[in-house]
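Visitor:
In the working numbering, the protein residues as written are 157 to 242.
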């Protein structure tokens, strides 16, 4: 599901960030336009992007699945449990 963007309620952002900063992911935050990119020790990349028009949610997507497909899939699966489904 490379680059599949999920809309997630803002109240779940801290939980996801804390998970990514902890072992086994050990992510490093990097500022990007409109958000933050978390580069995991495995080189999988998780992007959090915000819009002024929708402050109650953020966009989340994972890149570089080939670096560690299993980690990328686990993170996407966990995030999908709190995804906004219209």
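Think of the CB as a built atom: it goes at the ideal place given N, C-alpha and C, for glycine as much as any other residue. This structure is a prediction, so every number in the text was calculated from the model and none was measured.
#1: With a floor of 4 residues, list each alpha helix (DSSP H) that falls wholly inside the segment 173-222, ordered by position along the chain.
#2: Which one of 217, 168 and 242 has the shortest CA to CA distance from residue 201?
#3: Using a Cβ-Cβ cutoff of less than 7 Å, which residues in the same chain neighbour residue 195 once the five nearest sequence positions on both sides are dropped?
#4: Can you tell me the Cα-Cα spacing of residue 208 and residue 197, whole angstroms?
#5: Would residue 235 pass as a contact of residue 172 if the rule is Cβ separation under 8 Å?
#6: So residue 163 packs on residue 240, CB below 8 Å; how close in whole Å?
#7: In the DSSP assignment, what are the bridge partners of residue 164?
#8: Are the CB atoms of residue 222 and residue 161 within a distance shorter than 8 Å?
Guide: For this structure:
#1: none
#2: For residue 201, the nearest C-alpha among the options comes from 217.
#3: Once the five neighbours on either side are set aside, the close Cβ partners of residue 195 are 183, 184, 186 and 201.
#4: 30 Å
#5: yes
#6: 4 Å
#7: 214
#8: no
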